[in-house]
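Reviewing the structure listed below.
In the working numbering, the protein residues as written are 452 to 629.
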């Protein structure tokens, strides 16, 4: 059963303005990210020991990948907003996955540039992956819907549990009033 919603010209204008502002903020974030990180690499190259050869310690990738994690979450937030991904559970799983990917890249870079004899970054990767898998299972089992065989309506397990609880409350309330 599909419902049509009508928007006034004013509300459509407000939505369009928010989308344009969000898109512009992503573009500004990306531009500042590129400029600042280019400057950091130049500073790293010029002021690190062993100039004019390559610097002995490349610290510039650490802020680059740290900032990249935040930038990617900003970009994903814009994409989900513009595509209309509204269920909080789905957004949470997407954010968790994107954060995992880019923070793990950051941890691998830090591990490689600072103490590459011990691969310590594997430990947060394993435990975060366990949490991410649990998050995914909860989303797909509890929040993602299924087709009800009796009614033919698509509802999540959560929605079915809420309706069942509402029915219990209605029966109890009706019993008390009789």
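Just so it is clear, CB atoms sit at the ideal spot from N, CA and C, and this is done for glycine as well.
What separation, rounded to the nearest whole angstrom, lies between the Cα atoms of residue i and residue j?
i: residue 475; j: residue 529; result: 10 Å
i: residue 470; j: residue 532; result: 8 Å
i: residue 581; j: residue 594; result: 19 Å
i: residue 559; j: residue 511; result: 14 Å
i: residue 493; j: residue 570; result: 29 Å
i: residue 628; j: residue 621; result: 10 Å
i: residue 552; j: residue 490; result: 25 Å
i: residue 517; j: residue 577; result: 19 Å
i: residue 525; j: residue 477; result: 7 Å
i: residue 473; j: residue 566; result: 39 Å
i: residue 610; j: residue 507; result: 58 Å
i: residue 452; j: residue 612; result: Any reading at residue 452 is ruled out, since the residue's pLDDT is 43, under 50, leaving its predicted position unreliable.
i: residue 497; j: residue 466; result: 47 Å
i: residue 602; j: residue 557; result: 49 Å
i: residue 458; j: residue 468; result: 15 Å
Residue i: which of the options sits nearest, CA to CA?
i: residue 495; options: 478, 515 and 477; result: 515
i: residue 513; options: 561, 609 and 586; result: 561
i: residue 589; options: 544, 463 and 497; result: 544
i: residue 482; options: 466, 462, 468 and 519; result: 519
i: residue 583; options: 616, 568, 468 and 547; result: 547
i: residue 607; options: 523, 617, 592 and 549; result: 592
i: residue 550; options: 458, 573 and 523; result: 523
Determine the extent of the alpha helix (DSSP H) in which residue i is found, giving its start and end residues.
i: residue 611; result: 608-628
i: residue 518; result: 512-534
i: residue 559; result: 539-565
i: residue 585; result: 573-589
i: residue 501; result: Careful: residue 501 lies outside any alpha helix (DSSP H) and carries neither H nor E.
Report all residues from its chain with a CB closer than 6 Å to the CB of residue i; omit the five preceding and five following residues, and keep chain order.
i: residue 555; result: 576
Take residue i and list the residues in its own chain whose beta-carbon comes closer than 7 Å to its own, dropping the five residues that flank it on each side.
i: residue 479; result: none
i: residue 542; result: 531 and 536
i: residue 509; result: 495 and 564
In chain order, what residues of the same chain lie with their CB nearer than 8 Å to the CB of residue i, ignoring the 5 residues before and after it?
i: residue 485; result: none
i: residue 488; result: 511, 514, 515 and 518
i: residue 586; result: 543, 544 and 547
Cβ of residue i versus every heavy atom of the ligand NAP: is any distance shorter than 7 Å?
i: residue 520; result: The ligand NAP is not part of the structure shown, which contains no ligands of any sort.
Flag this pair as touching only if the stretch 494-502 and the stretch 533-550 have three or more C-beta atom pairs under 8 Å; answer yes or no. no
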